[in-house]
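Trainee: Handing you a structure now.
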């Protein structure tokens, strides 16, 4: 995925080598690999008559863990650390945004993190990742508003970023991802 970084209103911290590495890791075919894996797993379950995931957040998170740990990072569930850099890649519910910011503040104050990064997909990308829940997930647009609202409240070495697809899976898979994935319907018995 493409990562576009932004500085908060209180200033741009110095980019660490690990921060640059995190951007590189996320840019290394994350979207294409996630799209291909998600579609394959979803298609296999549907063919077997099983319930299939509607959103690809879990697939993205699994691949992020694989890619970051392969490069010597510690972490899980979208939180990663290496040296004095902390990265949060979020595909969670919008109510978690405040806790992500508090976590960034905490690691900077308590553990000497020199660079905290919070990254979220923009709304258009979320519409593909999880069409049923896109409005409820932390988007870059929500993150941007929250960061600007904190001007004068916190002063931590933070950058935040917008995630958008950079590489693409095959045309067929990309086309399938853009189709509606309606929620399962349950009928009371």
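Numbering (the working numbering), first residue to last: 291 to 479. Even for Gly, the Cβ is constructed at its ideal location relative to N, Cα and C. Just so we're clear, the structure is a prediction, and the values are computed from it rather than from any experiment.
Give every residue of the same chain whose Cβ lies closer than 6 Å to the Cβ of residue 445, excluding the five residues on either side of it in the sequence, and list them in chain order.
Mentor: Your numbering for residue 445 matches position 155 in the chain shown. Answer for residue 445: 300, listed in chain order.
Trainee: Where does residue 478 sit, in a helix, a strand or coil, going by DSSP?
Mentor: Mapped onto the chain shown, residue 478 falls at position 188. Low local confidence applies: a pLDDT of 48 at residue 478 is under 50, so the model's placement there is unreliable, and no value is given.
Trainee: How is residue 360 classed by DSSP in three states: helix, strand or coil?
Mentor: Working through the chain shown from its first residue, we reach residue 360 at position 70. Correct three-state label for residue 360: helix.
Trainee: State the DSSP-derived secondary structure class of residue 366, mapped to helix, strand or coil.
Mentor: Within the chain shown, residue 366 is the residue found at index 76, counting from 1. Three-state DSSP puts residue 366 in a strand.
Trainee: Quick one: residues in its chain with C-beta nearer than 6 Å to the C-beta of residue 335, no 5 flanking neighbours on either side, listed in chain order?
Mentor: Within the chain shown, residue 335 is the residue found at index 45, counting from 1. 342.
Trainee: What three-state label does DSSP hand residue 308 in the structure shown?
Mentor: Stepping through the chain shown from its first residue, residue 308 is reached at position 18. DSSP places residue 308 in helix when its eight states are reduced to three.
Trainee: Hey, could you find the ends of the beta strand (DSSP E) residue 338 is sitting in?
Mentor: If you number the chain shown from 1, residue 338 lands on position 48. Note, residue 338: premise wrong, no beta strand (DSSP E); not H, not E.
Trainee: Counting only runs that start and end within the segment 409-466, where is the beta strand (DSSP E) found for 3 or more residues in a row?
Mentor: Fully enclosed beta strand (DSSP E) runs of 3 or longer: 448-454.
Trainee: How many angstroms separate the CA atom of residue 302 from the CA atom of residue 384?
Mentor: Mapped onto the chain shown, residue 302 falls at position 12. Mapped onto the chain shown, residue 384 falls at position 94. Rounded to whole angstroms, residue 302 to residue 384 spans 25 Å at the Cα level.
Trainee: Can you give, in chain order, each stretch of the beta strand (DSSP E) that sits fully within the segment 369-399 and has at least 3 residues?
Mentor: Counting whole runs of 3 or more residues, the segment 369-399 contains the beta strand (DSSP E) stretches 369-372 and 375-380.
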